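Okay, structure first, notes after.
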Amino acid sequence: MGEYIEISGSVDEIRFESALRLAVAETDVLHRRFVEENGELWQYAVENGAWSLPVLDVSDAPDPVAAAEEWMRADLARAMDLARDHLFSYALFKIASDRYLWCQTYHHIVMDAFSWALFGRRVAELYTAGVAGKEPAPTGFGPSELLVRSDTAYRASAEFEADRRYWARRFGDLPTPARLAAEPTGTPKRPVRRSAVLPPVVADRLRTAAGQAGVRYSSLLISAVALFLHRTTGAGDIVLTLPVTARTGPGLRSTPGMLSNLVPLRLKVLPGMTVRDLTAATAAEIRDATRHQRYRGEDIVRDLDLVGARHGIMGPYVNFMSFPYDFDFAGSKVTGSNLATGFVDDLAILISDRSDGAGTAISFDANPELYGQDALAGHLATFLRLLDSLADGAEADTPLGRLDVVSDDERRQLLAWGTPDVAEEPPEATLVALYQGQVVRDPDAVGVVAGDTALTYRELNERANRLAHWLVEQGVGPETRVGLVLPRSLDLVIAVVAVVKAGGAYVPIDPAYPPDRVGFMIEDAAPPLVLVTEETAGRVPEAGHARVVVLDSATVTAAMARQPTADPAALLSPSNSAYVIYTSGSTGVPKGVMVSHRNVTGLLNSTRPLFGFGSEDVWTMFHSTAFDFSVWELWGALSSGGRVVVVPFEISRAPERLLRLLADEGVTVLNQTPSAFYQLIEAEREAARVRLSLGTVILGGEALDPTRLTEWYERHSPDGPALINMYGITETTVHATHLRLEREMARTAASPIGGPLANVRAYVLDAGLRPAPPGAAGELYVGGPGLARGYVGRAGLTAERFVADPWGPAGSRMYRTGDVARWNRDGRLEFVRRADGQVKIRGYRIEPGEIETALVHHTQVTQAVVVVREDQPGDRRLVAYVVPASAVGPAPPGEFVGRLREYLGQRLPAYMVPAAVVALDRLPLTVNGKLDRTALPAPDYNRAAPRKAPRTPREEVLCGLFAEVLSLPEVGIDTGFFDLGGHSLLVTRLVSRVRTVLGVELPIRVVFAAPTVAGLAEYVAGAVGGATRPALTARPRPEVLPLSFS
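The numbering used here numbers the first residue of the sequence shown as -3 and each following residue consecutively.
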């Protein structure tokens, strides 16, 4: 830590050095060394011995002050050995004959900022006396032992216990501090700094504003820091770190040494609050904090059990330094300038209220691993604009939300970034028109492949037309919904195309969903028809109004054969619904999103110039049609003349088999969630000989961690497959933004999502719906033609989420995504976090509240909470915590938990069933009565059931593989893979390890059917190798084509 004092006058260098040496001799804390013995730190007194005072003349330098500061910073960077070195350093710089700079640097273990002023004043007294030829006054410094005795007495006092109770009560609910950047991960380095000085006229107006609000100038500026964090992060619960002197008596205030403390300052900041509200609350909070300032910050952290925790409670520093420099060197006035106050793990805002009338100095010090110079300069500029707003006529009763932090030029830039130029709006069309154009253009091109069967565009169209005509006969037309409970197959593709050609909207329902959920979707969407196959018919419960049609039944097949193959004449417009896809709902029930033809064709038209997909491209239909990524996969291919390959579910969960399919089919366009792609990267490493034809890999569905792409970029040349990250949600029609990733992006933890597509407007807005400044976090809103129509039967929710767009054309809407994002300085969006409790696991959008609702509806559960845990890096799992009802009785914990998971599996999709359910006597609460999420225990998967030891060498190997994949010490042969925390992506790892170690191709369906070691061992024992897939061969074309061969 260090500062320099500017002396405005000539300096007698010899007398100055003499005064300085005498002051050092008087300050016993500067005669200390520190050693570690047996794990304890000891200090001892030493004779300082020789030390030098460099006197440097830099007056001839082009910029003397800059030259001096460069030397000072280099000296600051020098490490001090606590056991051997002097723990201080001084230098005197001659800037001009009547201007000097005196630099003083200390190790923070011996001095704090308050001590700088004490020591500087004493040196000035000694120097002034020497120049006057007078005897200096005796030192007023107390001995450093006074600091130790005072602290020992305090810790034994009732005041100490009162302070402990205050901090435990104030922060017992463990608030997470708002930060402008990611969590610091490593050891802090020397900070980067950007500084400015408020002109005296601005500082005077701020003092006037403080007076109007009835608070001190310091309280107003600290309030401004809290408001700055609120406006740049969107957080309403702001925690700052406030350095305090911790000197509560005259003896402590006259003794140099390290006594300063760091205490948290907690403020609630809401847009509707007034300037007076916030400043009054800040002043009161500062008063309370300073009353309890002697209680060490490290003790607060220890009391809250946060030592070593990833998330502490100390937010960005705000250090208001008003130590008076009202002394002089023999009549020469002085001013102080801070160089550094120590290491900064995140951000420190230093405010120096200078006593020389030169204004208020503001410095932003930041961890260079988290903030670049440009970003830091941008944050400082935003803070200065906020101060301007406060100073420029803001009354004490002005609502905080009306204070502007964005300049007119910035606002224009932000809106320009969010509203891309559209060179030419393509004519509106329907999906049918886009698809039909490809049928006419090249009818004999292969359009879809499923297993060993391939259909040309002509064949696909004829089969779809037969079904479409039949659907029309059943009353299907525009705005008629048709449920699809079909497996991944040609049937599914034909049915999707047929429904839209009939004018209807398809409602895809995954056959793997529990019957209760299937029934709810059918009841909610109210389709008159539900299409199934004999395989999936049993998944559909009785649905009173809906007629269930088994497509591969003899009756329906015969009816199809009688239908014409010509295109039906549906009266379809772009505004009609194309599909309804259901997403998880926070109220406990899923909600259906209605998407129009205009929405989807707008997406396809806006991406055409970006990618140029055409008839030579081969796409995978990798995802379930109940996941909106499938809309892009299927219609992206069929609207551009490409070929779409239907990926069976088992292959979609087996990266090694998917690689082979990609190679065999010559796939050029692959769409993946990041979670799935990370596994594909691992599989490619093990299968280096596989030659892929990939040209484009599109990532989406969940937040991307670019650092996990490093291995991909290391294996692929710069002209290899393009990686594209796209952000979007069902309500914005699959994709809303795009970004072509570059290999250098793999070195940053930020999750970039790029800029908006041409059919989209993107805004990052604060709570008052004003554009947040560049670098500041706010809620992401999406507007434009890509917005869905709304939710089925949920007018209130539609009005809540689809709101008026104040920045778009008159009458336009925008969607509240619930995602927090920021614009970086290059005009790219970065995903930050969710603004609510919604999570995404392996690409699936999940509302924990829906799972909690299902749990508390169980007769044996009184309370439930569901969280996402990441106990292993990169492995995010849902974990439920429940309080059983007293009527549960003495059932073993594993049996009770097993019943709950089975119960959830009957009501929720598999991806929403928690990996673990933990039964607790009670949910842990903070001292404030709120749920203490940090106290929720990690699930012990080994306690799921009693372990039964392996009986054969094969079972022993499989137990080892289970334990390896699940990161468990050991596994019994009768405990289910999913009961131990397994999920679909971990299944793929297990299958891979079984193949490598045992040489057996284990189908994924077998793991789901027999998820125990005992069950899999029985399968492995009977395995005789895998069959190879036969090559595609030409077959005679029957006169009447069935709907499919499945």
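Yeah, the Cβ is synthetic: ideal placement off N, Cα and C, and Gly gets one too.
None of these values were measured; they are calculated from a predicted model.
- Do the stretch 806 to 822 and the stretch 602 to 621 make contact, defined as three or more Cβ pairs closer than 8 Å? No, the stretch 806 to 822 is not in contact with the stretch 602 to 621.
For this session: In the DSSP assignment, find the beta strand (DSSP E) that holds L238 and state where it starts and stops.
Result: Taking the sequence shown and counting its residues from 1, the one referred to as residue 238 is at position 242. Counting along the chain, L238 sits inside the beta strand (DSSP E) bounded by residues 233 to 240.
Exercise for review: Work out the CA separation of E455 and P1034 for me, nearest whole Å.
Suggested key: Position 1038 of the sequence shown holds residue 1034. Position 459 of the sequence shown holds residue 455. A caution first: P1034 carries a pLDDT of 44, below 50, which makes its placement in the model unreliable, though a value can still be read off. Rounded to the nearest angstrom, the gap between the Cα atoms of P1034 and E455 is 11 Å.
* **Beta-carbon proximity of L97 to I91, cut-off 8 Å** => Position 101 of the sequence shown holds residue 97. Position 95 of the sequence shown holds residue 91. Yes. Within cutoff.
Residues that N257 bridges to, as DSSP identifies them | Taking the first residue of the sequence shown as position 1, residue 257 is located at position 261. Secondary-structure assignment with DSSP links N257 through a beta bridge to V240.
*Have a look at V835 and L114 and give me their C-alpha separation to the nearest angstrom.*
Reading the sequence shown from its first residue, position 839 is the one you call residue 835. Reading the sequence shown from its first residue, position 118 is the one you call residue 114. About 53 Å.
Notebook entry, point to check: Quick one: what's got a C-beta closer than 7 Å to G126's C-beta in the same chain, skipping five residues either side?
Noted result: Locating residue 126 in the sequence shown gives position 130, where the first residue counts as 1. Cβ neighbours of G126 beyond the five flanking positions: R11, S14, A15.
Do L255 and L248 have their CB atoms nearer than 8 Å? On the sequence shown, residue 255 is found 259 positions in, with the first residue counted as 1. On the sequence shown, residue 248 is found 252 positions in, with the first residue counted as 1. In contact: L255 and L248 (Cβ atoms closer than 8 Å).
Across the stretch 770 to 783 and the stretch 613 to 632, are there enough close Cβ pairs to call them in contact, namely three or more that are closer than 8 Å? Contact between the stretch 770 to 783 and the stretch 613 to 632 is not established, with fewer than three Cβ pairs separated by less than 8 Å.
Exercise for review: Spatial neighbours of P844 within its chain, please: CB distance less than 6 Å, with the 5 preceding and 5 following residues excluded, ordered by chain position.
Suggested key: Looking up residue 844 in the sequence shown gives position 848. Taken in chain order, the residues that qualify are G833, V862.
How would you label A565, buried or exposed, when you count the other beta carbons within 10 angstroms and need 16 or more for buried?
Reading the sequence shown from its first residue, position 569 is the one you call residue 565. Exposed.
- Query: Are at least three pairs of beta-carbons, each pair with one atom in the stretch 704 to 724 and one in the stretch 852 to 859, less than 8 Å apart?
  - Reply: Not touching, per the Cβ criterion.
task: Leaving out five residues on either side along the sequence, give the residues of the same chain with a beta carbon under 8 Å from the beta carbon of V1003.
output: As a first step, residue 1003 is located in the sequence shown; it is residue number 1007 there, counting from the start. So the list reads F973, V983, L986, V987, L1012, once near-sequence residues are dropped.
| What do you get for H619, buried or exposed, if any count of 16 or more other CB atoms within 10 angstroms of its CB means buried? | Numbered from its first residue, the sequence shown carries residue 619 at position 623. Under this definition H619 is a buried residue.
Practice problem: Tell me, please, whether the stretch 627 to 647 touches the stretch 590 to 604 by the rule of three or more beta-carbon pairs shorter than 8 Å. | Solution: Output reads yes: the stretch 590 to 604 touches the stretch 627 to 647.
| message | Spatial neighbours of R161 within its chain, please: C-beta separation below 8 Å, excluding the five flanking residues on both sides. | response | Within the sequence shown, numbered from 1, the residue matching residue 161 stands at position 165. Apart from sequence neighbours up to five positions away, no residue of its chain approaches R161 with a beta-carbon distance below 8 Å.
Cβ-based neighbour list, N755, same chain, cut-off 6 Å, excluding 5 preceding and 5 following | Residue numbering aside, residue 755 sits at position 759 when the sequence shown is read from its first letter. If you ignore the 5 residues before and after N755, its C-beta comes within less than 6 Å of the C-beta of G598, S602, G780, P781, G782, all in its own chain and listed in chain order.
Out of G697, R656, T703, D520, which one is the CA nearest neighbour of V686?
If you number the sequence shown from 1, residue 686 lands on position 690. Ranked by how close their Cα comes to the Cα of V686, the residues G697, R656, T703, D520 have R656 in first place.
**Request:** Identify whether R203 lies in helix, strand or coil by the three-state DSSP scheme.
**Result:** Numbered from its first residue, the sequence shown carries residue 203 at position 207. Per DSSP, reduced to three states, the secondary structure at R203 is helical.
Quick test of the definition: if touching needs 3 or more C-beta pairs under 8 Å, does the stretch 310 to 327 touch the stretch 142 to 162? Under the 8 Å Cβ criterion, the stretch 310 to 327 does not count as touching the stretch 142 to 162, having fewer than three qualifying pairs.
Checklist line | For M76, the three-state DSSP class (helix, strand or coil) | finding: The residue given as residue 76 occupies position 80 in the sequence shown. Three-state result, M76: coil.
Exercise for review: Pick helix, strand or coil for H104, following the three-state DSSP scheme.
Suggested key: Position 108 of the sequence shown, counted from the start, is the residue given in the question as residue 104. Residue state, collapsed to three classes: coil.
Quick check on this structure: which residue in I218, R797, P910 has the alpha carbon closest to the alpha carbon of Y877?
Within the sequence shown, the letter at position 881 stands for residue 877. In terms of Cα proximity to Y877, the closest of I218, R797, P910 is P910.
Assess, as a yes-or-no matter, whether the stretch 385 to 402 is touched by the stretch 787 to 799 under the definition of 3 or more beta carbon pairs within less than 8 Å. Cβ pair count under 8 Å is below three, so no.
Cα separation between Y578 and V492?
Reading the sequence shown from its first residue, position 582 is the one you call residue 578. Reading the sequence shown from its first residue, position 496 is the one you call residue 492. Between the alpha carbons of Y578 and V492 lies a distance of about 16 Å.
Ignore the nearest five residues each way along the sequence and tell me which others in S214's own chain have a CB closer than 6 Å to its CB. Along the sequence shown, read from residue 1 onward, the residue named residue 214 stands at position 218. Scanning its chain for C-beta atoms nearer than 6 Å, with the 5 sequence neighbours on each side dropped, one finds around S214 the residues F316, in chain order.
How would you call S48, buried or exposed, if buried means at least 16 neighbouring beta carbons within 10 angstroms? The sequence position of residue 48 within the sequence shown is 52, counting from 1. Looking at its Cβ environment, which holds fewer than 16 other Cβ atoms inside 10 Å, S48 is exposed.
Nearest by alpha-carbon distance to V864: which of A934, E121, L411, V730 is it?
Residue numbering aside, residue 864 sits at position 868 when the sequence shown is read from its first letter. Nearest of A934, E121, L411, V730 to V864, Cα basis: A934.
(request) Quick one: grab the DSSP three-state call for M310. (result) Sequence index remark: in the sequence shown, residue 310 carries index 314 (1-based). In the structure shown, M310 sits in coil (DSSP, three-state: anything other than H, G, I, E or B).
Alpha carbon of G885 to alpha carbon of F892, nearest angstrom: To locate residue 885, count along the sequence shown from 1; it is residue 889. To locate residue 892, count along the sequence shown from 1; it is residue 896. Because the pLDDT at G885 is just 49, under 50, the model does not fix this residue reliably, and the value given afterwards should be weighed accordingly. If I take the Cα positions, the gap works out to 10 Å.
For the candidate residues L688, E2, A555, T270, whose alpha-carbon lies nearest to that of E661? Stepping through the sequence shown from its first residue, residue 661 is reached at position 665. For the options L688, E2, A555, T270, the alpha carbon positioned closest to that of E661 is the one of L688.
Review point. For S111, which residues from the same chain have a beta carbon less than 7 Å from its beta carbon, with the 5 sequence-adjacent residues on both sides left out?
Key: Residue 111 sits at position 115 when you count from the first residue of the sequence shown. Hits under 7 Å: P252, G253.
Per-residue DSSP class, three states only, for H226
Reading the sequence shown from its first residue, position 230 is the one you call residue 226. When DSSP states are grouped into helix, strand and coil, H226 belongs to the helix group.
Report task. Grab the span of the beta strand (DSSP E) containing V756 for me, first residue to last. Result -> Working through the sequence shown from its first residue, we reach residue 756 at position 760. From DSSP, V756 is part of no beta strand (DSSP E); its letter is neither H nor E.
Would P752 pass as a contact of T733 if the rule is Cβ separation under 8 Å?
The count along the sequence shown starts at 1 and reaches residue 752 at position 756. The count along the sequence shown starts at 1 and reaches residue 733 at position 737. Yes. Within cutoff.
*asked:* Based on DSSP bridge pairs, tell me the residues matched to M590.
replied: By one-based count along the sequence shown, residue 590 stands at place 594. Bridge partners of M590: V576, G786.
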